[in-house]
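Numbering (full-length UniProt numbering), first residue to last: 1 to 160.
Backbone N, C-alpha and C fix where the C-beta goes; we use that ideal spot for every residue, glycine too.
Since this is a predicted model, take the numbers as computed values, not measurements.
Data block below; observations after.
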């Protein structure tokens, strides 16, 4: 089968870091794409793919959205190195910010980073999930559904 040619937008899209555990630990209600304020050395480090968003979270403080505890490795050739786990400002519209503040404050939701990536224009974007924590029973239920789905696919594939 011939490989489909990629458009220029698809060529530039690159996932930097993914939080795979988030979908296991949280029930994702909704997600939102937001920008992130970075320094030059942080962007250079992200281009080499050295980051981790697994233990990070987002919160609304003083009318602004902040990403806390995200790791971006130091860039070796940087004249002005950056702090690895500093708070980074996230960019969203006022309407979205009000919606996120309401979800975390009143409804008890959590803002979890799902994916950090370069979009088709080369800008760093972060996909935040508005989520509710799962209990152990819910986690086992999700795991059982996943296992059954795999088993069903295996049976359909092998005709048994």
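Next on the checklist: Which of the three DSSP states is assigned to residue 62 in this structure?
Outcome noted: coil
Item to check | Inter-residue Cα distance where the pair is residue 149 and residue 24 | outcome: 16 Å
Checklist entry - Apart from the five residues on each side of it in sequence, which residues of its chain come closer than 7 Å, Cβ to Cβ, to residue 56? => result 67, 68, 69, 70 and 113
Checklist entry - Are the region 76-95 and the region 37-47 touching by the rule of at least three beta carbon pairs closer than 8 Å? => result yes
Checklist entry - In terms of alpha-carbon separation, which member of 119, 42 and 29 lies closest to residue 129? => result 29
Checklist entry - What's the gap between the Cα of residue 81 and the Cα of residue 52? => result 18 Å
Checklist entry - In its own chain, which residues sit with a C-beta less than 6 Å from the C-beta of residue 163, not counting the 5 before and 5 after it? => result Any question about residue 163 goes unanswered here, given that the chain covers just 1 to 160.
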